[in-house]
Amino acid sequence: MKFPILATRYLVWHYSEALADWWRIVGNFVWFFFHMFSIGLLLRTLFSPFKRMQEERKKGGFKFEDWGGAIIINVLMRLIGFGVRTMLIAVGAIFILFTILIGVTAFVLWLVLPLAVTFLLVFGFSQLFYLL
2 MKFPILATRY LVWHYSEALA DWWRIVGNFV WFFFHMFSIG LLLRTLFSPF KRMQEERKKG
62 GFKFEDWGGA IIINVLMRLI GFGVRTMLIA VGAIFILFTI LIGVTAFVLW LVLPLAVTFL
122 LVFGFSQLFY LL
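Quick note on numbering: our numbering labels position 119 of the sequence shown as 120, and the sequence is numbered without any gaps.
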């Protein structure tokens, strides 16, 4: 008589409390990958120079070569920083997307597996008794 009580409690937990915990766990993984790849910080500093490398103009007098060289180096460092940060943001977004896809897939399996186990158990017993 204890098995029906155990099965009922398990199914109530499986379809109520565990479902709420499931999305909390997936949300924790999304939060982890968002912070692991520093996506917020990378978005705020998207156009900053790569590793803060900048060319300073030399003091004293105006020389077009120094001014032009500084502008070219600074723009180049910002473009490199933009490219590196964009790639890191893309990799982080891919990790987050895969986490969500795996979470949704596992959620569907979580809903279906108890029914599948019950069906296979009933089907197996029916085949067993059919052969006898």
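Built from N, CA and C at the ideal position, the CB exists for glycine as well.
These numbers were taken from a predicted model, which means no experiment stands behind them.
Look at the Cβ atom of residue i, then the Cβ atom of residue j, and state whether they are nearer than 8 Å.
i	j	result
L12	P115	yes
R79	F48	yes
G82	V27	no
V31	I97	yes
R86	L43	yes
T119	F34	no
Quick one, which of the options has its alpha-carbon nearest residue i's?
i	options	result
I74	L121, V92 and P50	P50
S39	L121, W24 and A91	A91
A107	W23, R45, T119 and F130	W23
G134	G41, K3 and W14	The first residue shown for the chain is 2 and the last is 133, placing residue 134 beyond what the model contains.
W14	V76, L112 and G69	L112
L110	Y16, F4, P5 and K3	Y16
In its own chain, which residues sit with a C-beta less than 6 Å from the C-beta of residue i, not counting the 5 before and 5 after it?
i	result
M88	none
What residues in its chain sit with their C-beta under 7 Å from that of residue i, if we drop five residues either side in the sequence?
i	result
A117	none
Measuring only between beta-carbons, confirm whether residue i sits less than 8 Å from chain B.
i	result
I6	Any reference to chain B falls outside this structure, which holds one protein chain only.
Alpha helix (DSSP H) containing residue i: first to last residue?
i	result
L47	Note, L47: premise wrong, no alpha helix (DSSP H); not H, not E.
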